[in-house]
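I have placed the structure first, in the form of structure tokens, so that the comments after it can refer back to it.
Protein chains in written order, with the numbering used here: chain A, 0 to 79; chain B, 95 to 506.
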């Protein structure tokens, strides 16, 4: 998914879960060296932490996509 | 002078004839033709037109369509017929434009129109302002024609359907800002996946210009690139109310969109062209939202599963390394042994953090977790020995603690 205008700077849940799955697959691989295994494990722990942080985020207000002279802009949608 | 002619309930021809005669007298017609009183053709047609228009109120006329043609000007011409008669009809361009499609030859219809006489040709005709297929005939016909066309292009084929993203960061909603649709979607998303952003692009969802609006909103989301999945829809209504979602421009906008799209139009039983082209058809807006976002509990389970895989994977590697070194016996240097021990500790320490991950949100609310020397959770009073040390894990760190006196382990 392209996100030219995403206002988020943080990684998305999707990115985190995809990477976690990759790490889990790799760490289960018998060829992995001990040091890589530990590095993967620590990266995985960090990603799990990020994922739980995303899950704990409060709901944002609904925004509205509006067409304008420059193409489009996002504005707050009130009374919701 | 005419409307009461029909409204009064006089249905027999004699009564009608008397009324018409009275109307004629009012218009200055003589009772018999005289050679000295010659009428031009124009005068005849003009008088006849006035008489016809004056006598008949607007009528709903039922019959079969024949010879329907749409002129270059946009006006439409056709006849209505039954077993014994036919009548010429025409529709002006503005009214004809509201027809969902061109009726087929022989189709049973009803037409609302005013009778008149086209003076230039002396032709008796019905000026039709509304034309309806019996039941929803004309709408169904239009829908069927477009479906066949889109089928032929492959736009409705199951192979074209895209998978929805499993964890969208942002949902785009194309609907009216005033309807209940957005509200329903927001409710479901807040409950299931509150971290998901929602962006509305509001548009008209029924009436003149609604289809163009909907298509434009879908295209705008495509250009903005700010949504991972789209929900396009409106609440229930008549087939005519839902019509915008049966228009070609909307179907093509959905098909051309680079964002997977869920349609949620009307009630469960209404199937529109938009539903056929969308990647997923949801019976209601709430169902669309449920299909769009995962449930928090499911993700928490998924994360737990990942944590287990990570831990067991890492521990297995540490164990196998330890075993290899152990097998090496005397060759095992103290340095290597120390390195291995450090590795084990790294896993244990990180594992300890793993255990703390899922209750993070609980800690944030002010709860704390007491941990023993080995990082085990101390659950019961008897886990705490007087004078024993333990660590209290709070949301932003740990606090070293000492147990003052023996606790009371009797039940609550």
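Every residue, glycine too, gets a C-beta built ideally from N, C-alpha and C.
Cut-off 7 angstroms between Cβ atoms - residues of its own chain near residue i, not counting five sequence neighbours on either side
| i | result |
| --- | --- |
| residue 64(A) | 71 and 73 |
| residue 375(B) | 357 and 369 |
| residue 355(B) | 324, 326, 348, 372 and 373 |
| residue 146(B) | 209, 210 and 211 |
| residue 42(A) | 22 |
| residue 4(A) | Residue placement at residue 4(A) is poorly supported in this model, since its pLDDT is 41, which falls under 50; the coordinates still yield a value, given next. Closer than 7 angstroms at the Cβ level, and outside the excluded window around residue 4(A), lies no residue. |
| residue 494(B) | 483 and 485 |
Span of the alpha helix (DSSP H) around residue i
| i | result |
| --- | --- |
| residue 43(A) | 33-54 |
| residue 21(A) | 12-26 |
| residue 146(B) | 135-149 |
| residue 371(B) | 367-371 |
Cut-off 6 angstroms between Cβ atoms - residues of its own chain near residue i, not counting five sequence neighbours on either side
| i | result |
| --- | --- |
| residue 164(B) | 170 |
| residue 6(A) | In this prediction, residue 6(A) scores a pLDDT of 43, lower than 50, which makes its location untrustworthy; the coordinate-derived value is nonetheless stated afterwards. Excluding residues within five positions, none has a Cβ falling inside 6 angstroms. |
| residue 294(B) | 267 and 276 |
| residue 483(B) | 496 |
| residue 382(B) | 325, 356, 358 and 376 |
| residue 452(B) | Summary for residue 452(B): the model assigns pLDDT 49, below 50, so the residue's position carries little reliability; its value from the coordinates is reported in the next sentence. Within the same chain, residue 452(B) has no close Cβ partners at all. |
| residue 379(B) | 275, 278, 279, 327 and 358 |
| residue 464(B) | 472, 484 and 486 |
| residue 49(A) | 15 |
| residue 362(B) | 377 |
Cβ pair residue i, residue j closer than 9 angstroms
| i | j | result |
| --- | --- | --- |
| residue 250(B) | residue 326(B) | no |
| residue 390(B) | residue 286(B) | yes |
| residue 192(B) | residue 168(B) | no |
| residue 200(B) | residue 174(B) | no |
| residue 344(B) | residue 312(B) | yes |
| residue 205(B) | residue 289(B) | no |
| residue 306(B) | residue 263(B) | no |
| residue 166(B) | residue 219(B) | no |
| residue 62(A) | residue 291(B) | yes |
| residue 403(B) | residue 27(A) | yes |
| residue 152(B) | residue 227(B) | no |
| residue 36(A) | residue 408(B) | yes |
| residue 25(A) | residue 39(A) | yes |
With 16 other Cβ atoms within 10 Å as the buried cut-off, status of residue i
| i | result |
| --- | --- |
| residue 352(B) | exposed |
| residue 496(B) | exposed |
| residue 172(B) | buried |
| residue 461(B) | exposed |
| residue 97(B) | With a pLDDT of 43 at residue 97(B), under the threshold of 50, the predicted position of this residue should be treated as unreliable, and no value is reported. |
| residue 95(B) | Residue placement at residue 95(B) cannot be trusted, given a pLDDT of 41 that sits under 50; what the coordinates show is reported in the next sentence. Exposed, by the Cβ-count rule. |
| residue 340(B) | buried |
| residue 498(B) | exposed |
| residue 366(B) | buried |
| residue 51(A) | buried |
| residue 222(B) | buried |
| residue 318(B) | buried |
| residue 197(B) | buried |
| residue 216(B) | exposed |
| residue 1(A) | Low confidence applies here, because residue 1(A) scores a pLDDT of 40, under 50, leaving its location unreliable; read the following figure in that light. Per the 10 Å Cβ criterion, exposed. |
| residue 400(B) | buried |
| residue 360(B) | buried |
| residue 411(B) | buried |
| residue 57(A) | exposed |
| residue 415(B) | buried |
| residue 300(B) | buried |
| residue 329(B) | buried |
| residue 214(B) | exposed |
| residue 252(B) | exposed |
Start-to-end residues for the beta strand (DSSP E) that takes in residue i
| i | result |
| --- | --- |
| residue 302(B) | Unbroken run through residue 302(B): none, as it is neither H nor E. |
| residue 486(B) | 483-488 |
| residue 386(B) | Segment 379-386 is the alpha helix (DSSP H) holding residue 386(B); no beta strand (DSSP E) there. |
| residue 358(B) | 355-359 |
| residue 67(A) | 62-67 |
| residue 75(A) | 70-75 |
| residue 493(B) | 491-496 |
| residue 464(B) | 463-465 |
| residue 267(B) | 264-269 |
Close Cβ partners of residue i (< 8 angstroms) along its chain, the five nearest in sequence each way excluded
| i | result |
| --- | --- |
| residue 102(B) | With a pLDDT of 47 at residue 102(B), under the threshold of 50, the predicted position of this residue should be treated as unreliable, though the coordinate-derived value follows. Taken in chain order, the list of residues that qualify is empty. |
| residue 385(B) | 258, 356, 374 and 376 |
Please go through the region 151-235 of chain B and give each complete alpha helix (DSSP H) segment of 4 or more residues, from N-terminal end onward.
Taken in chain order, the unbroken stretches of alpha helix (DSSP H) that lie wholly in the region 151-235 of chain B and span 4 residues or more are 187-190.
Quick check for students: name the residue ranges of the beta strand (DSSP E) that lie wholly in the region 279-346 of chain B, counting only runs of 3 or more.
DSSP runs (the beta strand (DSSP E)) wholly in the region 279-346 of chain B: 291-296 and 323-328.
For the region 280-303 of chain B, list every residue whose C-beta sits within 9 angstroms of some C-beta in chain E, in sequence order.
In the structure shown, chain E does not exist; the protein chains are A and B.
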